[in-house]
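Working notes for the structure below.
There are 2 protein chains.
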Amino acid sequence: MEVFPGKILIVDDEPDIVEFISYNLKSKGYLIAAARDGVEAIRKARDFRPDLILLDIMMPNKDGIETIRELRAMHEFDDTAIIFLTAINDEKIEIEGLKIGADDFISKPIKPELLATRIGSALRRFRKDEEHEQKQTFGDLEINKTKFTVSYKGTEILLAKKEFELLSLLASKPGRVFLRNEILQRVWGTDVIVGDRTIDVHIRKIRQKVGIDLITTVKGVGYKFEMS
Amino acid sequence: MEVFPGKILIVDDEPDIVEFISYNLKSKGYLIAAARDGVEAIRKARDFRPDLILLDIMMPNKDGIETIRELRAMHEFDDTAIIFLTAINDEKIEIEGLKIGADDFISKPIKPELLATRIGSALRRFRKDEEHEQKQTFGDLEINKTKFTVSYKGTEILLAKKEFELLSLLASKPGRVFLRNEILQRVWGTDVIVGDRTIDVHIRKIRQKVGIDLITTVKGVGYKFEMS
DNA sequence: TCGACGCTTAACAATTCCATAATATTCCGT
DNA sequence: ACGGAATATTATGGAATTGTTAAGCGTCGA
């Protein structure tokens, strides 16, 4: 499924960097706009309405901190992710940036893969608000988080709440092993204390209801979701 | 659903401090585990696999310095950030700590906002690309630490925990010979005492399961990982 | 109120893992 | 080639972990 990944505004005063980032992101299908300083950034942002802004901190004519402060002040960018580009590893700036609404930091020199994954996760974080039907499919299996159902080869299977949450968690990262206490904390919460067999019993029920073996036990470690 | 920020292990012998930190971090969505001393810390770290460890320096039953030394010796915590908690503003300790692998220091009394930002930046620095899995490939062989699997020419092989850890260790530095007692310490820990044949048996099982001969015996010295 | 259902626990079964012992084999220096 | 030492192999029992089943309890809706 080829989805349009998003629009990104790059703000940096060094043309080389803009060019570098721009090239990388275009190849991944993003739409790109660029600005040279804070003033231009705000103008282009209103016009281009990016999903995400990559903002250099050190800039002439209005620096990154000041720019983000203004952007956040207008609430038309409430749904826009902002990532800071920092040359230095300056904690003060990072703290400052976080306080006023940066969503992440990437320090130069920029590694393309890192850039891509950070942008990906920032966008994903922000896109949650837009209500698409949240569903995942794995072969014949479909997990629908808005309808709270699981279907296998078209037939819907009814899972109880805990069972569904457990399966959702495991399926959120197929193949990845979730430790038992990680599962406990994430499905049951940090305060609740339940016995160890409780997880097993739920796993059992899921396996039973779904029929095929989706969940693999990794003894001494945890469980993972995997299509055979 | 919220973004999952990470897992943190708190190590301190004062229950009040553990409680205080724990409460603060839980409210930010972190998963928390706690340990009272160095020995317990190492045990829990292996089992909880935290992204970050908050380590008190003054502790009974193995102090912070000694603990971090051991943690860093086992390669399985190479990707784990470690922050020291110091009551005193002792430069000697800080220098000592940095030398052996601490990533930051926080001095008591602890201020919640400071704690949160420091933890945030330490995690960001260390953040593995959760998107891409932690894996190593050697020709046709792939070791995947998030999935806990080893695959050879595409077929997945299931190793038991100890076997997997042993293979991971050897594969972490291909070609390098690991001494037997080095292996013992890193895979089994310093406290556990097992006979010499135990290593051999596990090596045997790995060779058997994987099929090809990945592990070379260096008689009188140890073992090394090597693709033929 | 009754019954159905979801969740947790307890009790027991089944499985897997792991360390050791016992024996065989290989390696290496002489 | 020989002897001794180190490692390989195999089998085994116990420990640790997980699977399974049934029962108890609370909640919700008919």
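Quick mapping for you: the protein sequence lines, in order, are chains G and A.
Take 0 as the starting number for the first sequence in numbering that gives the first Met the number 0 and just add one per residue.
Take 0 as the starting number for the second sequence in numbering that gives the first Met the number 0 and just add one per residue.
C-beta atoms are modelled at their ideal positions from N, C-alpha and C, and glycine is treated no differently.
Just so you know, these numbers come straight off a predicted model, no measurement behind them.
**Q.** Extent of the continuous beta strand (DSSP E) to which ASN60 (chain A) belongs
**A.** Stepping through the second sequence from its first residue, residue 60 (chain A) is reached at position 61. It is not in any beta strand (DSSP E) - ASN60 (chain A) carries neither H nor E in the DSSP assignment.
Q) Would DSSP call LEU30 (chain G) helix, strand or coil? A) Taking the first sequence and counting its residues from 1, one reaches residue 30 (chain G) at position 31. If DSSP states are grouped into helix, strand and coil, LEU30 (chain G) belongs with the strands.
Q) So what's ILE118 (chain A) in DSSP terms, helix, strand or just coil? A) Mapped onto the second sequence, residue 118 (chain A) falls at position 119. Looking at ILE118 (chain A) - three-state DSSP - the assignment turns out to be helix.
Q: Identify the continuous beta strand (DSSP E) that holds LYS223 (chain G) and give its terminal residues.
A: Residue numbering aside, residue 223 (chain G) sits at position 224 when the first sequence is read from its first letter. Note, LYS223 (chain G): beta strand (DSSP E), 221–224.
Q) Tell me which same chain residues have a C-beta within less than 8 Å of the C-beta of ARG206 (chain G), skipping the five on either side of it? A) Against the first sequence, residue 206 (chain G) aligns to sequence position 207. Apart from sequence neighbours up to five positions away, the residues of its chain that approach ARG206 (chain G) with a beta-carbon distance below 8 Å are ASP212, LEU213, ILE214, ordered along the chain.
Q. Taking any Cβ of chain G, which residues in the stretch 16–36 of chain A have a Cβ under 8 Å from it, in chain order?
A. Cβ contacts with chain G come from LYS25, LEU30, ILE31, ALA32.
Q) Mind checking if ASP11 (chain A) is an interface residue toward chain G, Cβ cutoff 9 Å exclusive? A) For the purposes of this step, residue 11 (chain A) is identified with residue 12 of the second sequence, where counting begins at 1. Taking Cβ atoms only, chain G never reaches closer than 9 Å to ASP11 (chain A), which makes this a no.
Q: Identify which residue in A:GLN184, A:ILE105, A:ILE156, A:LEU24 has its Cα closest to the Cα of LYS204 (chain A).
A: As a first step, residue 204 (chain A) is located in the second sequence; it is residue number 205 there, counting from the start. Nearest C-alpha to LYS204 (chain A): A:ILE156.
Q) Using a Cβ-Cβ cut-off of 6 Å (strictly less than) and excluding sequence neighbours within five positions of GLU13 (chain A), which residues of its own chain qualify? A) Here residue 13 (chain A) refers to the residue found at position 14 when the second sequence is read from its first residue. Cβ neighbours of GLU13 (chain A) beyond the five flanking positions: none.
Q: With ASP103 (chain G) as the anchor, note down where its beta strand (DSSP E) starts and where it stops.
A: As a first step, residue 103 (chain G) must be located in the first sequence, where it is residue number 104. Run containing ASP103 (chain G): 103–106, per the beta strand (DSSP E) assignment.
Q: Just grab the DSSP bridge partners of ASN143 (chain A) for me.
A: In the second sequence, counting from the first residue as 1, residue 143 (chain A) sits at position 144. The partner list for ASN143 (chain A) (beta bridge, DSSP) reads A:LYS134, A:THR148.
Q) Does the beta carbon of ASP50 (chain A) sit closer than 9 Å to a beta carbon anywhere in chain G? A) Residue 50 (chain A) sits at position 51 when you count from the first residue of the second sequence. Not one chain G Cβ lies under 9 Å of ASP50 (chain A).
Q: Can you say whether GLN184 (chain G) is buried or exposed, counting buried as having 16 or more other CB atoms within 10 angstroms of its CB?
A: For this step, residue 184 (chain G) is matched to residue 185 along the first sequence. It counts as buried.
Q. Does any residue of chain G bring its CB to less than 9 Å from the CB of ALA40 (chain A)?
A. Position 41 of the second sequence, counted from the first residue, corresponds to residue 40 (chain A). No, ALA40 (chain A) lies away from the interface with chain G (no Cβ there is under 9 Å from its Cβ).
Q. At a Cβ cut of 8 Å, what residues of the stretch 153–164 of chain A count as close to chain G, listed as they run along the chain?
A. Within the stretch 153–164 of chain A, the qualifying residues are ALA159, LYS160.
Q.
What does the Cβ neighbour count give for LEU54 (chain A), buried or exposed, with the cut at 16 atoms within 10 Å?
A. For the purposes of this step, residue 54 (chain A) is taken as the residue at position 55 of the second sequence. With 16 or more other CB atoms across the displayed protein chains lying within 10 angstroms of its CB, LEU54 (chain A) is buried.
**Q.** DSSP state of LEU213 (chain A) mapped onto helix, strand, coil
**A.** Indexing the second sequence from 1 puts residue 213 (chain A) at position 214. Here LEU213 (chain A) carries a coil assignment [DSSP, helix/strand/coil].
Q. Would you call TYR222 (chain G) buried or exposed, if buried means 16 or more other Cβ atoms sit within 10 Å of its Cβ?
A. In the first sequence, residue 222 (chain G) corresponds to position 223, counting from 1. Classification for TYR222 (chain G): buried.
Q) Can you find a CB in chain G that lies within less than 9 Å of the CB of VAL204 (chain A)? A) The count along the second sequence starts at 1 and reaches residue 204 (chain A) at position 205. Here residue 204 (chain A) is Lys; the residue named in the question, Val, does not match the sequence. With a threshold of 9 Å between beta carbons, LYS204 (chain A) makes no contact with chain G.
Q: Inspect the beta-carbon positions of ALA32 (chain G) and PHE19 (chain G) and report whether they are closer than 9 Å.
A: Stepping through the first sequence from its first residue, residue 32 (chain G) is reached at position 33. Stepping through the first sequence from its first residue, residue 19 (chain G) is reached at position 20. Cβ atoms of ALA32 (chain G) and PHE19 (chain G): not closer than 9 Å.
Q: Tell me, please, whether the stretch 164–173 of chain G touches the stretch 133–142 of chain G by the rule of three or more beta-carbon pairs shorter than 8 Å.
A: As far as the Cβ criterion goes, the stretch 164–173 of chain G touches the stretch 133–142 of chain G, which means the pair count is three or higher.
(Q) Between PHE47 (chain A) and chain G, is any beta-carbon pair separated by less than 9 Å? (A) For the purposes of this step, residue 47 (chain A) is taken as the residue at position 48 of the second sequence. It does: the Cβ of PHE47 (chain A) has a partner Cβ on chain G nearer than 9 Å.
Q) VAL176 (chain G) versus chain A: which residues are under 8 Å apart at the beta carbon? A) Within the first sequence, residue 176 (chain G) is the residue found at index 177, counting from 1. Those are THR145, LYS146, PHE147, listed as they occur along chain A.
Q: Please confirm if ARG123 (chain A) has its CB atom under 9 Å from at least one CB of chain G.
A: Here the question's residue 123 (chain A) lines up with position 124 in the second sequence. ARG123 (chain A) counts as touching chain G.
Q. Under three-state DSSP, which class holds VAL10 (chain A)?
A. Mapped onto the second sequence, residue 10 (chain A) falls at position 11. The answer is strand: DSSP assigns VAL10 (chain A) an E or B state.
Q) Taking the alpha-carbon positions, what's the LYS144 (chain G) to ASP15 (chain A) distance? A) Residue 144 (chain G) sits at position 145 when you count from the first residue of the first sequence. Residue 15 (chain A) sits at position 16 when you count from the first residue of the second sequence. If I take the Cα positions, the gap works out to 39 Å.
Q: Could you name the residues of the same chain whose beta carbon sits closer than 8 Å to that of VAL38 (chain A), not counting the 5 residues immediately before and after it, in chain order?
A: Here residue 38 (chain A) refers to the residue found at position 39 when the second sequence is read from its first residue. ASN60, LYS61, ASP190.
Q: Report the rounded CA-to-CA distance for ILE182 (chain A) versus LEU158 (chain A), giving the unit in angstroms.
A: By 1-based counting over the second sequence, the position of residue 182 (chain A) is 183. By 1-based counting over the second sequence, the position of residue 158 (chain A) is 159. Spanning the two alpha carbons is a distance of roughly 17 Å.
Q | Under the three-state DSSP convention, the category THR197 (chain A) falls into | A | Position 198 of the second sequence, counted from the first residue, corresponds to residue 197 (chain A). Helix at THR197 (chain A).
Q | For THR197 (chain A) and GLU225 (chain A), the rounded distance between their alpha carbons | A | Position 226 of the second sequence holds residue 225 (chain A). Position 198 of the second sequence holds residue 197 (chain A). Approximately 21 Å between the Cα atoms of the pair.
**Q.** Residue range of the unbroken beta strand (DSSP E) whose run includes PHE177 (chain A)
**A.** The residue given as residue 177 (chain A) occupies position 178 in the second sequence. Counting along the chain, PHE177 (chain A) sits inside the beta strand (DSSP E) bounded by residues 176–178.
Q: Sort G:GLY188, G:ILE9, G:ASP199, G:ILE192 by Cα distance to ALA80 (chain G) and report the nearest one.
A: Locating residue 80 (chain G) in the first sequence gives position 81, where the first residue counts as 1. Measuring from the Cα of ALA80 (chain G), the nearest candidate turns out to be G:ILE9.
Q. Does the distance from the C-beta atom of ALA44 (chain A) to that of LEU70 (chain A) stay below 9 Å?
A. Counted from its first residue, the second sequence places residue 44 (chain A) at position 45. Counted from its first residue, the second sequence places residue 70 (chain A) at position 71. Closer than 9 Å, so yes.
Q) In the structure shown, what three-state DSSP assignment does MET0 (chain G) receive? A) Position 1 of the first sequence, counted from the first residue, corresponds to residue 0 (chain G). Unreliable placement is indicated for MET0 (chain G), whose pLDDT of 39 sits below 50; the coordinate value is still reported in the next sentence. MET0 (chain G): coil per DSSP, three-state reduction.
**Q.** Contact with chain G by LYS6 (chain A), beta-carbon distance below 9 Å
**A.** Looking up residue 6 (chain A) in the second sequence gives position 7. True, the Cβ-Cβ gap to chain G drops below 9 Å.
Q. Quick one: is MET0 (chain G) buried, meaning 16 or more other Cβ sit within 10 Å of its Cβ, or exposed?
A. Translated into positions along the first sequence, residue 0 (chain G) becomes position 1. The predicted position of MET0 (chain G) is uncertain, since its pLDDT is 39 and thus under 50; a value taken from the coordinates is nonetheless stated next. Around the beta-carbon of MET0 (chain G), fewer than 16 other beta-carbon atoms lie within 10 Å, marking it exposed.
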